[in-house]
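J.: Numbering-wise, our numbering puts 41 at position 3 of the sequence shown, and it's gapless, one number per residue. Just so it is clear, CB atoms sit at the ideal spot from N, CA and C, and this is done for glycine as well. Note that the coordinates shown come from a computational prediction; the quantities given were computed from them, not determined experimentally.
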Amino acid sequence: LLFNAENGYLDGILRGYRSALITRQQYHNFTQCETLDDLKVQLQTTDYAAWLAELPAGAKPETIGECLQMAMVERFAYLRGNAQGKLGPFMDYMTLPYLIDNVILIIGGMQS
């Protein structure tokens, strides 16, 4: 009964994110790209254009991947910042496995 009052805004934001997913045609266009610059041009037609605008020509695949991952992290952080009630702690719990993996990687790096 209170879902829309407490979480209606976030529900609308998530529906917007869902509508921003790539289409079959966009995916087909991605598969036809021969260079990373071609892929970057194709990504400019998606919601990731704002994050890719600052990338220089000839960016490495890792850089493009990090840029796209940063976009997802920023979106998640925005949702987490606006989560109310039980949704906030739930979203915190979703991040715990990643935190644990990061700690393990740091410990492993210190041992080497």
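#1: When burial is assigned at 16 or more other CB atoms within 10 Å of the CB, is Lys98 buried or exposed?
#2: Which complete beta strand (DSSP E) runs does the segment 75-100 hold, if anything under 3 residues is left out?
#3: Is Gln64 helix, strand or coil when you go by DSSP?
#4: Do you know how far the Cα of Leu106 is from the Cα of Trp89?
#5: Within 7 angstroms: the Cβ of Leu52 and any heavy atom of the ligand MN?
#6: In this structure, how does DSSP classify Gln107 when only helix, strand and coil are distinguished?
#7: Tell me the rounded alpha-carbon separation between Tyr65 and Gly54.
#8: Take Tyr86 and list the residues in its own chain whose beta-carbon comes closer than 7 angstroms to its own, dropping the five residues that flank it on each side.
T.: Based on what the coordinates show:
#1: The residue in question, Lys98, is exposed, as its Cβ has fewer than 16 Cβ neighbours within 10 Å.
#2: Taking only runs of at least 3 residues, no beta strand (DSSP E) segment lies wholly in the segment 75-100.
#3: Helix, per DSSP.
#4: Each residue's Cα considered, the two are about 7 angstroms apart.
#5: Within the structure as shown, the ligand MN is missing, as the structure has no ligands at all.
#6: Helix at Gln107.
#7: Going from the Cα of Tyr65 to the Cα of Gly54 covers about 19 angstroms.
#8: Exclusion of the five residues before and after Tyr86 leaves Leu106 and Ala109 as the residues of its chain whose Cβ lies within less than 7 angstroms of its Cβ.
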